[in-house]
Amino acid sequence: MIQPHQLLLLDEPTSSTDISGNELVENLIIRYRAANNCGLIFATHALSQAERLADRILFFSAGRIIEYGPAKQLLQQPQTAEFANFLHFWRY
Numbered sequence: 063m064i065q066p067h068q069l070l071l072l073d074e075p076t077s078s079t080d081i082s083g084n085e086l087v088e089n090l091i092i093r094y095r096a097a098n099n100c101g102l103i104f105a106t107h108a109l110s111q112a113e114r115l116a117d118r119i120l121f122f123s124a125g126r127i128i129e130y131g132p133a134k135q136l137l138q139q140p141q142t143a144e145f146a147n148f149l150h151f152w153r154y
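The opening position of the sequence shown corresponds to residue 63 in this note's numbering, with each subsequent residue numbered one higher.
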């Protein structure tokens, strides 16, 4: 029997899927977390995915933590020019 995990570590969980596959994987992640009350740490370059799945965001560049905090707050009001530039690049 497979025991539920307390933490999921995922690296680009939808990098090889199409749009419908993205939705399927994200829904599986959401349902698994809800059913097992587990945390999630995931790496993604997909800003829209971070907006849908993340409670908190850690943004780093060149091995340095640039910003860390509540996802909605950071996505609406980045505190550094580096993160603001990243958001602008990925949104437009």
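Ideal Cβ positions, reconstructed from N, Cα and C, are used throughout, including at glycine. A quick note: this is a predicted structure, and the numbers were derived from the prediction, not measured.
A Cβ-Cβ separation of about 12 Å leaves ALA112 out of contact with ILE103 under the 8 Å criterion.
Around THR79, the same chain offers VAL87 as residues with beta carbons nearer than 7 Å, after the five sequence neighbours per side are excluded.
Counting only residues of its own chain and dropping the five nearest sequence neighbours on each side, LEU71 has a CB closer than 6 Å to the CB of ILE103. Beyond the five residues adjoining it in sequence on each side, PHE145 comes within less than 8 Å, by CB distance, of PHE121, ILE128, GLU129, LEU136 in the same chain, given in chain order. CA-CA distance, PRO140 to ASN98, rounds to 32 Å.
Residue environment: THR142 is assigned as exposed (fewer than 16 neighbouring CB atoms within 10 Å of its CB, all protein chains considered).
In this structure, DSSP gives SER78 a state outside helix and strand, which the three-state scheme calls coil.
Take the alpha-carbon of LEU149 and the one of ALA116: they are about 15 Å apart.
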